[in-house]
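Everything in the sequence shown is counted per my numbering, starting at 27 for the first residue and increasing by one.
Cβ coordinates follow ideal geometry from the N, Cα and C atoms, glycine included.
The structure displayed is predicted, hence computed values, not measured ones.
The next block holds one structure in the form of structure tokens; read it before the comments.
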Amino acid sequence: MNVQILRIGNNYVKIILISIGLLTATRFSLALYASIYEWIEIRNYSISLIISCVQLGISFPWHPCATRFAILVSFSYSRLMKQIDLIDWDRIRFFRKSEFVCPCCGEVELDATFVLKLDLARELAAVPFVITSGYRCLAHNAEVGGVKQSAHMAGLAADIACPDSVTRLKILRGLIVAGFRRIGIDKNFIHCDVDTTKPNNVWLYGDR
Numbered sequence: 027m028n029v030q031i032l033r034i035g036n037n038y039v040k041i042i043l044i045s046i047g048l049l050t051a052t053r054f055s056l057a058l059y060a061s062i063y064e065w066i067e068i069r070n071y072s073i074s075l076i077i078s079c080v081q082l083g084i085s086f087p088w089h090p091c092a093t094r095f096a097i098l099v100s101f102s103y104s105r106l107m108k109q110i111d112l113i114d115w116d117r118i119r120f121f122r123k124s125e126f127v128c129p130c131c132g133e134v135e136l137d138a139t140f141v142l143k144l145d146l147a148r149e150l151a152a153v154p155f156v157i158t159s160g161y162r163c164l165a166h167n168a169e170v171g172g173v174k175q176s177a178h179m180a181g182l183a184a185d186i187a188c189p190d191s192v193t194r195l196k197i198l199r200g201l202i203v204a205g206f207r208r209i210g211i212d213k214n215f216i217h218c219d220v221d222t223t224k225p226n227n228v229w230l231y232g233d234r
């Protein structure tokens, strides 16, 4: 397959090729991506590099590095999903897109990395995650008193209902093990986000 031709090809063709590469990947590779995202910088991988990895993984499935290539493709595929606003909800076990819709305008824009990590956290916590606030448009964020640069407006955050202390502990454990490093704790909900423009910390809403 001529990579030079693919570089100038349609984005949909590239997505199909990357999807083929994902056939060699497993849910573990997506979970691994979510867990080590903080220290892996993948934004600068080019489409041509992704395609090269897919080609090698398909051509040499028995090669000991095939799994590594599959994981790399998973990384890049997740970033690409965000760029074209495409999340494969069939791969998300515990959530539906409708749970994150802005109640003000009915719109929803979500970061794929965030959704994958949240899905993993839900699996680890083994308790339901009831989303009380997902994506917010500018108007709704102002209406609910959100901060000016809220991660909710970028599709990077969610608030999870917290009915009691036992559930709070399980949710926090799931979020931390899944790799969340920005967590806000309130009496009735827990906020989590993956906004890399802000410092990693855990806060109590009464203290802010």
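Next on the checklist: Taking the beta carbon of Arg122 as the centre, do at least 16 other beta carbons fall within 10 Å, making it buried, or is it exposed?
Outcome noted: exposed
Item to check | Leu182 in three-state terms, based on DSSP | outcome: coil
Item to check | Arg208 - containing beta strand (DSSP E), residue span | outcome: Arg208 to Ile211
Item to check | beta strand (DSSP E) segment containing Ser159, residue limits | outcome: Ile157 to Ser159
Checklist entry - Which residues in the same chain as Thr222 place their Cβ atom closer than 7 angstroms to its Cβ, once the five residues preceding and following it in sequence are excluded? => result none
Item to check | DSSP beta-bridge partners of Asn227 | outcome: Arg208
Item to check | Selection from Gly171, Asp145 and Ile197 that minimises the alpha carbon distance to Ile211 | outcome: Ile197
Checklist entry - Between which two residues does the alpha helix (DSSP H) containing Phe120 stretch? => result Neither: Phe120 is in no alpha helix (DSSP H) and is coded neither H nor E.
Checklist entry - Over what stretch of residues does the alpha helix (DSSP H) that includes Phe215 continue unbroken? => result No alpha helix (DSSP H) contains Phe215, which is instead part of the beta strand (DSSP E) from Phe215 to Asp219.
Checklist entry - Which value, in whole angstroms, describes the spacing of the CA atoms of Phe120 and Asp137? => result 16 angstroms
Checklist entry - How many Å lie between Val203 and Pro129 at the Cα? => result 30 angstroms
Checklist entry - Candidates Ala152, Asn226 and Val127: which alpha carbon is nearest Ala2's? => result Within the shown structure, residues of the chain are numbered from 27 to 234, placing residue 2 beyond reach of any answer.
Next on the checklist: Just list the residues that DSSP pairs Ala303 with in beta bridges.
Outcome noted: Only positions 27 to 234 of the chain appear in the structure, and residue 303 is not among them; the question remains open.
Next on the checklist: Does Asn227 pass the burial test, meaning 16 or more other C-beta atoms within 10 Å, or should it be called exposed?
Outcome noted: exposed
Next on the checklist: By the DSSP assignment, the alpha helix (DSSP H) with Arg162 in it spans what residues?
Outcome noted: Note, Arg162: premise wrong, no alpha helix (DSSP H); not H, not E.
Item to check | Start and end residues, alpha helix (DSSP H) containing Ala152 | outcome: Run containing Ala152: none; DSSP gives neither H nor E here.
Item to check | Anticipated Cβ contact below 8 angstroms, Ala177 with Asp219, distance rounded | outcome: 4 angstroms
Next on the checklist: Measuring only the C-alpha atoms, how far is Ile118 from Leu142?
Outcome noted: 7 angstroms
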